[in-house]
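If you're matching positions, the sequence shown starts at 1 in our numbering and goes up one per residue. See structure below.
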Amino acid sequence: MTNREYAFKIDQRTTGNARAESYRFQPIIRMRTTQFELGDRARDELFEGIDFGYYCVDFRGGQAQTNASFQVGIQEAYEIVNGEIGRPVTDLSISGIATDSLMKINGIAKESFAYEVGRCGKGQEALVSSGGPDIRFAAGGITFGGKA
């Protein structure tokens, strides 16, 4: 991801990734919206064969580093027990290395959920959104932990 200045410094093509909260702030290089292509499974089919796992529905805040590591707090989640959605879970967070996690995707739903509006920090508050299909990760694709 680059802006004009950084692309020139590293002799690369600009990707136009600089955005600011408003005209009063210096634009910062930020990630664009990432969208996964819809898959071929019904949401319930994603749970099949899972003895124990988590279904993460809504997220709250997160961060990523230049080495692709990430950490995200989970606002709403449920246990998956024997392929069925179970009880609600609180104080959950996820983390991992994005490039490794993406390689562990083993199912994508054919339905997409609604987009929600949020804000991205970095010392400014730029509007962002999230949404897309439910995605299943194989064991080891994401690490689950406590409070974010």
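C-beta: ideal position from N, C-alpha, C; glycine also.
- About 7 Å separates the beta carbons of Gly-146 and Ser-93, which is inside the 8 Å limit, making them a contact pair.
- In this structure, Phe-137 keeps its C-beta atom at 8 Å or more from the C-beta atom of Ile-108.
- Contact between Gln-35 and Gly-132 holds: CB atoms are separated by about 6 Å, below the 8 Å threshold.
- Its Cα nearest to that of Asp-100, the residue Ser-69 stands out among Val-89, Ser-69, Leu-38.
- Contact fails between the segment 12 to 32 and the segment 75 to 94, because fewer than three Cβ pairs, one in each stretch, are under 8 Å apart.
- Rounded to whole angstroms, Val-57 and Arg-24 show a C-alpha spacing of 35 Å.
- Going by C-alpha positions, Phe-59 is about 12 Å away from Asp-91.
- Closest in alpha carbon position to Leu-102, among Ala-7, Ile-142, Leu-127, Lys-122, is Ile-142.
- Here Phe-144 has Tyr-54, Leu-92, Ile-94 as same chain residues with Cβ atoms under 7 Å from its own Cβ, once five neighbours each way along the sequence are excluded.
- In the three-state reduction of the DSSP assignment, Asp-134 falls in the strand class.
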